[in-house]
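Residue numbering for the sequence shown follows our numbering, beginning at 2 and increasing consecutively. From the three backbone atoms N, C-alpha and C, an ideal C-beta is built for every residue, glycine too. In this text, all values refer to a predicted model and were calculated from it rather than measured experimentally. Inspection log for the structure reproduced underneath, given as structure tokens.
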Amino acid sequence: MKRILLVEDEDVLRMLAVDLLTDEGYEVDEAADGAEALARLRECDYDLIVLDYMLPFYSGLEVLEHVDCRCPEKRPKVIMLSAKTGPADQGRALAAGVDWFIEKPYRPTEFVKKVNEILHETGDHELSS
């Protein structure tokens, strides 16, 4: 089973995303801020990190820097979620190694589709119908 770390400070969005991903059969750990995300990353390895751009304590980009230092040879895929939709913000995220950038608000079906596509590229998760 693929394991996902979902890092989102907005409770409603985090709960919705966790429900969507667990319904798809993924194991999902959650973090509400950058510090909690770093603690989770020290505890286990993930196949995918879904990471909000703007977080309390450490930004999504700062969390991503830690991921790169911790596991350069087996770096998880990263989807960044953000209400910051300007080209400069997206460019910074992509330059930092984000695999996909999703603008908020997003459609739940498109979010799940992108997660499935990214994880399907790297492993054996069967897409739900």
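Checklist entry - Grouping DSSP H, G and I as helix and E and B as strand, with all else coil, what is Met55? => result coil
Item to check | Sequence-distant residues of its chain with Cβ nearer than 8 Å to Val19 (five each side left out) | outcome: Leu7, Val29, Glu31
Checklist entry - What's the call for Leu122, buried or exposed, on a 16-neighbour Cβ count within 10 Å? => result According to the sequence provided, residue 122 is Glu. The question's Leu does not apply to it. Classification for Glu122: exposed.
Next on the checklist: Give me the residue from Leu82, Leu42, Ala40 with the minimum Cα distance to Tyr54.
Outcome noted: Leu82
Checklist entry - What do you get for Gly35, buried or exposed, if any count of 16 or more other CB atoms within 10 angstroms of its CB means buried? => result Its Cβ being crowded by 16 or more others within 10 Å, Gly35 is buried.
Next on the checklist: Need the endpoints of the alpha helix (DSSP H) that Val19 sits in, please.
Outcome noted: 12 to 24
Next on the checklist: For Phe102 and Leu95, what's the separation of their Cα atoms in angstroms?
Outcome noted: 8 Å
Next on the checklist: Pop quiz: Leu56 and Asp10 are said to be a contact at Cβ under 8 Å. What is the actual Cβ separation, rounded to whole angstroms?
Outcome noted: Separation of the CB atoms of Leu56 and Asp10 is rounded to 5 Å, and the pair is thereby assigned contact status at 8 Å.
Checklist entry - Taking the alpha carbon of Leu117 as the point to measure from, which residue in Leu17, Leu22, Leu14 has its own alpha carbon closest? => result According to the sequence as given, residue 117 is Asn; it is not Leu. Comparing Cα positions, the closest option is Leu22.
Checklist entry - Do Val79 and Leu42 have their C-beta atoms closer together than 8 Å? => result no
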